[in-house]
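Just so you know, we're using full-length UniProt numbering here: the sequence shown kicks off at 1 and counts up by one. Ideal Cβ positions, reconstructed from N, Cα and C, are used throughout, including at glycine.
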Amino acid sequence: MWSRSSLPPPHSPLSLLLVLLLLLRLFWPPRALESLKALALGPDVSRVASGEVLFDAILDLRDSIGLSQHPLAHAAADGFALFFDELMSRMDARVWFGEIVPTLARLLLQLPSLLEAHYQKSDEVFGKEKAGLRVLGSQEAGIVFLSQELIGALLACALFCLFPTSNRDAKLLPAINFDYLFANLYPNARQSQEQKVRCLIHYFERISLSTPTGFVSFERKVIPLQRSSSGISYPEADDWRISKASLCQFKVLSAGLIEDQQDEALEVDFANEYLGGGALHRGCVQVFFLKLLIGGCHFAQF
C-alpha cells in the first residue's frame, strides 16, 4: 500500500505500464497475474515452448492489460517464430523456454514491489521527484537512479511488449517494445539484425542466471537554447565561427571499440537524434551495439 505522498509523478513511465490501476496500489490485473504465474512455472504448465506460442502468450498478456487495441508491428509474430524456432539452436531454445522465460516471468511478478521500493527509496535519499523513474522533457536537466534488477524487469516488459505506445510519437519518445526489433528479422534476417537480438537475449540469460545487485544512473545536462540567468546558452553558428577561445587538451581515438576505451573517456554520438537511436529497428552503427552490449545502458532510450 502506498501513501499519496510516495506516489510516482504523473509523467513517469510507470503510468504507461498500466500497472498503476488504482491510485493507492500497484498490482498486475488478475488475468495478467495468472498468465505470468503460468509462465513462471515453465513450459509444462504454460505450454510456451516455441517462438510462435511465446508470441501468442504475449498477445494474451497485452489483452489482459488492455493493449489489444494497439497493434504490434507487422511481421512481429513471424520474427519471433523465425528467431526462436529457426535461428536459435534447439539446445539454446530448450534453455530459453525452460529456464529463462520462467525466470523473466517471475521478475515481472516482482515488478510492482520493485517499483514501489524504487520510488520510496528515491524520495527518501534524494527528495521528492528528484531521481525517480520519469520522462525528462525536452531541455529538462535531471538524473535518474535505477537498480539493475528494476532495469531488468522493465526490459522484460519491453520484450513482452507490455508498454502502451499510442502517445509516444506525440511526446517525441523512441520505440520501446521489441516488436519492431523482431519484425525486422522477417522475411530475410540481416546478420546485424540477428546479432542485435542475440545481444539482448544474452542479456536476459545473464540476469536470469544471477540477479544483478548494482545501480545505474542516467543524467542529462542541458545547455539552454535561450539565454538564462546564468548567462549560459546554446551558441549560435556565428559564435563558433568568431570564437577566440582555445580548446582544452584532448586526445582523439580513431581506432578500436567504444566499449574498450579507458574510464572517464567521453563518447560523442552523432548517430541519431534519439539516445539509442535505431537500435530497436534496423540501425546497426557502432553506438547502437554499445547500447545493446550494456543492457542497463540500453534502457536510457526508454
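- Taken in chain order, the complete alpha helix (DSSP H) segments of 4 residues or longer contained in the stretch 77-108 are 90-95.
- Boundaries of the alpha helix (DSSP H) around Phe126: 111-126.
- Rounded to whole angstroms, the Cβ separation of Pro212 and Gln110 is 13 Å, and the two are not in contact under 8 Å.
- The residues Leu136, Arg220, in chain order, have a CB closer than 7 Å to that of Gly142 in the same chain once the five nearest residues on each side in sequence are set aside.
- Restricting attention to Ser192, Ile58, Phe218, Arg90, the CA atom closest to the CA of Leu133 is found in Phe218.
- Under the three-state reduction of DSSP output, Gly51 falls in the helix class.
- In the pairwise beta carbon analysis, the stretch 155-175 is classified as not touching the stretch 244-255: fewer than three pairs are separated by under 8 Å.
- In the three-state DSSP reduction, Ser217 falls in the strand class (E or B).
- The criterion of a C-beta distance shorter than 8 Å is not satisfied by Phe204 and Leu54.
- Judged by DSSP in its simplified three-state form, Phe160 adopts coil rather than helix or strand.
- In the DSSP annotation of this structure, Phe145 is not part of any alpha helix (DSSP H); the continuous beta strand (DSSP E) holding it starts and ends at 142-147.
- Judged by their CB atoms, Val48 and Leu36 are not nearer to each other than the 8 Å cut-off.
- In the displayed model, Ala73 falls within coil according to three-state DSSP, outside both helix and strand.
- Taking a cut-off of 8 Å for Cβ pairs, the stretch 151-161 and the stretch 55-67 touch, as three or more such pairs fall below it.
- Assignment of Ala255 by DSSP, reduced to helix, strand and coil, places it in the coil class.
- With a cutoff of 8 Å on beta-carbon distance, Leu82 and Leu181 are scored as not near each other.
- Counting along the chain, the unbroken alpha helix (DSSP H) around Cys199 starts and ends at 191-209.
- The beta carbon of Asp85 is closer than 6 Å to those of Ser50, Gly51 in its chain, skipping five residues each way along the sequence.
- Here Leu108 is actually not in contact with Ala189; their C-beta atoms are around 27 Å apart, not less than 8 Å.
- Scanning Ser46, Ser113, Ala76, Glu236 for the CA closest to the CA of Trp28 turns up Ser113.
- By the CB criterion at 8 Å, Gln139 and Pro224 fall inside the cutoff.
- Trp28 carries a coil assignment under DSSP once its states are collapsed to helix, strand and coil.
- With respect to His74, Ala183 sits close: the two C-beta atoms are nearer than 8 Å.
- With a contact defined as Cβ atoms closer than 8 Å, Gly152 and Ile100 miss out at about 12 Å.
- Using a Cβ distance threshold of 8 Å, Ala131 and Phe145 count as a contacting pair.
- Annotated as proximal: Ala57 and Ser46, with beta-carbon spacing under 8 Å.
- Around the beta-carbon of Phe215, fewer than 16 other beta-carbon atoms lie within 10 Å, marking it exposed.
- Around the CB of His118, 16 or more other CB atoms lie within 10 Å, so the residue is classed as buried.
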